[in-house]
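I have placed the structure first, in the form of structure tokens, so that the comments after it can refer back to it.
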Ligand code: NAP
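Residue numbers (this note's numbering): 1 to 339.
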């Protein structure tokens, strides 16, 4: 059993719960940050392990937000910073999306430098939206070296631009911190595309899910007269994202960006798969033609054609799950949870 203690910010998150569950199963001790005691207690029940404790960090933007939490945990040697607003419904793009993402990263890193000098490794959950401007079609190869060239002005145009800007500026702030402050810890970054797959706990598969998981969940809420959804892009399974976080601190991959993409997907393709594999749902879902699936899947594949993430795949060394597996496991879990 490992005695390593890991701090995971944003412990209530879709991705974070998978990271924590996997970490505990590997014998690590985890301290998660949550916004309220109620959320912390709910997590304690879910993880049901002496190896999980929580600290309350009420706001990412409060000066010294993580200071007290780290002062209490001198045993922590790894910090995974996943907390960041994932919302496209915010009215105030600056205060609800951009500033919490950027300031949260700066506050976490400052706290580690000041109050967690024993912390050796930090992994930051950034995003593919920090690699490229997803609002424009790609025109050149995208690798772990690529950066979204967005500006503050562009980030204020709409919620998607704000989310993209928030992840880009937060990741830049992280790398700048290392250059300017020369802390003792090293940094590795994860840049996932759309994350799909089941919730860490079946109970969480009820109601409205987090933004990306709900893209699959929302297919089950369609009715036969609804249009076939047009969304297509790239996917990665949440369990692979969790494994990547852990591998990046277990092995010495400091200084790297890791572009996690398993390929192209389309929601039309997911709908076709659900109709095929869950025939009991056929009468409640819209029909989707082979031509429609082909059209949207081609769009997803075309996007992936610009991506070269060979360096990430070689570094991580495991095969990413197929989109069909993420969809199948998510749908089964949602159907079971809502029985
Ligand atoms: P999620 O389920 O919405 O989790 C977000 C986490 O951040 C939650 O713990 C949330 O706390 C916390 N958080 C959000 N805004 C906050 C704020 N203003 N102050 C304090 N805490 C705040 O989303 P997720 O999909 O797991 O995302 C986790 C990370 O992965 C994020 O950094 C996200 O940008 C990144 N990412 C996600 C995807 C994806 O497709 N899902 C893709 C690429 C990157 P509460 O539960 O209290 O709200």
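Glycine included, C-beta positions come from ideal geometry on N, C-alpha and C.
Quick one: any contact between the region 170-181 and the region 95-113, if contact means 3 or more CB pairs under 8 Å? yes
Which residue from 38, 73, 36, 67 puts its Cα closest to that of residue 30? 73
State the Cα-Cα distance for the pair residue 294 and residue 159, rounded to the nearest angstrom. 29 Å
Where in the region 187-228 do unbroken runs of the alpha helix (DSSP H), each at least 4 residues long, occur, reported from the N-terminal end onward? 211-217
Buried or exposed for residue 290, going by 16 or more other Cβ atoms inside 10 Å? exposed
Just confirm the distance between the C-beta atoms of residue 191 and residue 130, as a whole number of angstroms; I'd bet it's less than 8 Å. 6 Å
Taking only the alpha-carbon atoms, compute the straight-line gap between residue 220 and residue 232 and give it to the nearest angstrom. 17 Å
Below 7 Å, is the gap between the Cβ of residue 244 and the nearest heavy atom of the ligand NAP? no
When every heavy atom of the ligand NAP is checked, does at least one fall within less than 7 Å of the C-beta of residue 172? no
Can you look up residue 257 in the DSSP assignment and give me helix, strand or coil? strand
Using only the heavy atoms of the ligand NAP, determine whether one of them is closer than 7 Å to the beta carbon of residue 14. yes
Helix, strand or coil at residue 97 according to DSSP, with G and I counted as helix: helix
Does the ligand NAP have even one heavy atom less than 7 Å from the beta-carbon of residue 211? yes
Taking buried to mean at least 16 other C-beta atoms within 10 Å of its own C-beta, is residue 339 buried or exposed? exposed
Go through its chain and collect everything with a Cβ distance to residue 266's Cβ below 6 Å, but skip five positions before and after it. 232, 296, 297, 300
State whether the region 134-150 contacts the region 303-321, with contact taken as three or more CB pairs (one from each stretch) at a distance under 8 Å. yes
Would the beta-carbon of residue 260 fall within 8 Å of that of residue 242? no
Would residue 148 be called buried (16 or more neighbouring beta carbons within 10 Å of its own) or exposed? buried
For residue 179, which beta-bridge partners are listed by DSSP? None, per the DSSP bridge assignment.
Verify whether the separation of the beta carbon atoms of residue 37 and residue 56 is less than 8 Å. yes
Contact set for residue 194: own chain, Cβ-Cβ below 6 Å, skip 5 residues either direction: 212, 233, 235
Can you find a heavy atom of the ligand NAP that lies under 7 Å from the Cβ of residue 86? yes
With hydrogens ignored, establish whether the beta-carbon of residue 106 is closer than 7 Å to any heavy atom of the ligand NAP. no
Output the boundary residues of the alpha helix (DSSP H) element that contains residue 312. 310-316
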